[in-house]
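Working notes for the structure below.
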Amino acid sequence: MQDVEPTSLAGNASLWAPLSSPLFRLAAIVACLSFTGSFIVEFSAIWVLTTLTARADLIALAQSAAYACLMVLAIPCGVLSRAYDRRGLLLAMHLSYLVLLVTFLLFCQSDQRETGVVITLIFLFGANAASTASVWQVFAPDLAHTRHTGQAVTLFLTIYNLSRLCGPAIGGLVMMAAGPIATLSLVAGLFALTAILLVKLPRPAETWTPGRRTVQAFREAASYILQSRNLQLLSLCSLLYACLGSVIWALLPTISRTRLDGMPITFGLLTSSLGLGSLLIAHFIPALLRHFHARSLLRSALVGLSVGGLLLDQASTVAPACLACLWIGSCWFIGVTIFGIVARQIAPSADRAQAVTVYLVAFSLGMTVGGSGWGSIAEQFGQRTAIVTGAILLLIGAFTTIRLLPHASVPQEETR
């Protein structure tokens, strides 16, 4: 099996080239607001849970809830985003987010707070965030010029990580200064602004026949998934990558709460450091893809995650822990970017939504199973045992799982 050709993934344009499209610029702003609000909610809910329980397995289970939702909803949302008005879907999702926010506000004001209720709310927030992310993943890159598709995928992931940088930091500061009610009220304002800006995006010119089109889209999706060996290999590769790498994400809240100073701003800083690391490396992704094969970059990402996990395990204060998360975020972003670009490159335009969503399902399955598993290991044998085991498996994966990465080339109809 051949390596992915770097030039087929990167092109010669800069990372910021897709912003030359006015529609992509507007979509980028709206997506940034949407993701920032989602990360603030996720941070707030996880932190509230850590105040109710110190069990690593329960906290890891809550961390995995969002990915479980993405695993279940990615394919239906991808199909629906192909058959229906994507702007309308995003509007509906943000309105339902506002309803959930009101529910969470009422919960935070009540005197009786139960762990099960928080996990349920995290699951519902994850379902909404997963649906929104699935539609954005298909929608936003298609608003850029065709020649900028690779850069649009990378830039969209950069926007996602910018939100991951800002969201937890904002959430931690507001949570520490004014409490969860003020934090959630801020998110409600962000989602209201997002809904207003979404209206400015144009509706598709096509008109659908929803019932027939939806059934047809699901049949086409199933047919493509069963026939595409490249997609199956990519999905297996991304599943293993997520399963191994999820050790860090699953244990980060517990590490912040039990091994560092236990302040909400600390968890916010650690999570923001992951996003900052992604942002710092994002600018170099096009150049890296031009000069190195995708398999080599994926191997480097896995080795880097292994080293980063060990550094995080050794950190006893906030500063070195943040530096470790900075490194981890950079390595994680390289791997996720490669998967996102290859998923779009191995499929013709008609099947691109299915390719992206199937990859997301596999990746989310890895994060769900891995996160829950690492949480259970940490609860039974300790955090250090879980992290060291994960680091060893990441090193093994660096020389095994990368062989599954398929060859990618630009589909014939996309070549100009």
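In the working numbering, the protein residues as written are 11 to 426.
Virtual Cβ for every residue (Gly too), placed ideally from N, Cα, C.
Using alpha carbons as the reference points, say which of the options lies closest to residue i.
i	options	result
L111	V163, P274, V51, G407	V51
G189	M273, A78, Q393	M273
V427	V257, N138, I356	Any question about residue 427 goes unanswered here, given that the chain covers just 11 to 426.
P28	W57, A325, P151	P151
L430	L315, D271, A102	Residue 430 cannot be examined here, being either before or after the span of the chain that is shown, 11 to 426.
L71	W26, I406, I387	I387
C253	T46, T61, Y77, I265	Y77
I406	L312, I338, L415, R354	L312
G126	L115, I191, A55	A55
G345	C176, L415, A205	L415
L62	I129, S288, V317, L196	I129
T281	S306, Q324, C335, L307	C335
L134	T156, I397, Q73	Q73
F409	L116, Q119, Y251	Y251
L115	A192, C176, A143	A192
A154	F302, T399, P32, L375	P32
A102	F117, V209, G255	V209
F373	A187, T327, I206, Q242	Q242
I412	A365, L244, L333	L244
L100	A41, A365, S340	A41
G182	A297, W57, Q147, L246	W57
R174	S288, A329, P86, V328	S288
C176	I397, L200, L236	L200
S310	W337, Q390, L207	W337
S144	F117, G98, P86, I169	P86
L270	A401, D323, A304, W259	D323
Q355	L211, I206, F45, A304	A304
Quick check: the Cα distance between residue i and residue j, rounded to an integer number of angstroms?
i	j	result
F294	R123	45 Å
I132	F349	26 Å
T268	D67	14 Å
I180	L286	14 Å
G380	T264	16 Å
S106	F49	16 Å
H104	S248	28 Å
I39	F343	20 Å
A140	G319	26 Å
S266	F277	6 Å
L261	G392	11 Å
A198	T367	28 Å
W384	M185	28 Å
L165	A357	20 Å
A325	A331	5 Å
L1	L43	Any question about residue 1 goes unanswered here, given that the chain covers just 11 to 426.
H158	S306	23 Å
L370	N240	15 Å
L299	I351	11 Å
N171	F149	18 Å
I291	G47	23 Å
L403	S238	28 Å
T399	A37	41 Å
L375	L196	31 Å
A353	Q119	44 Å
L308	L279	26 Å
Q161	F34	12 Å
I69	L59	7 Å
S340	T347	11 Å
W146	A365	14 Å
T217	T204	With a pLDDT of only 44 at T217, under the threshold of 50, the placement of this residue in the model should not be trusted; the figure read from the coordinates follows. For T217 and T204, the distance between alpha carbons rounds to 25 Å.
R96	H301	36 Å
G221	V109	At G221 the pLDDT is 48, less than 50, meaning the model places this residue with poor confidence; the figure from the coordinates comes in the next sentence. Using only the alpha carbons, I get a separation of about 27 Å.
S256	A329	22 Å
W26	R65	43 Å
P430	Q390	The structure shown has nothing for residue 430, since the chain only spans 11 to 426.
Q422	I169	Residue placement at Q422 cannot be trusted, given a pLDDT of 39 that sits under 50; the coordinates are not used to answer.
F53	I275	10 Å
A187	L194	13 Å
M377	L236	23 Å
Which residue marks the beginning of the alpha helix (DSSP H) containing residue i, and which one marks its end?
i	result
Q324	304-324
L108	96-119
P274	274-292
G392	G392 -> no alpha helix (DSSP H), and no H or E assigned at all.
E52	32-62
S238	Per DSSP, S238 belongs to no alpha helix (DSSP H) and is neither H nor E.
A353	328-355
P1	Past the edges of the chain, shown from 11 to 426, lies residue 1, and the structure says nothing about it.
G199	190-208
Quiz item: Which residue spans inside the stretch 364-413 form an unbroken alpha helix (DSSP H) run of at least 4?
Solution: DSSP runs (the alpha helix (DSSP H)) wholly in the stretch 364-413: 393-408.
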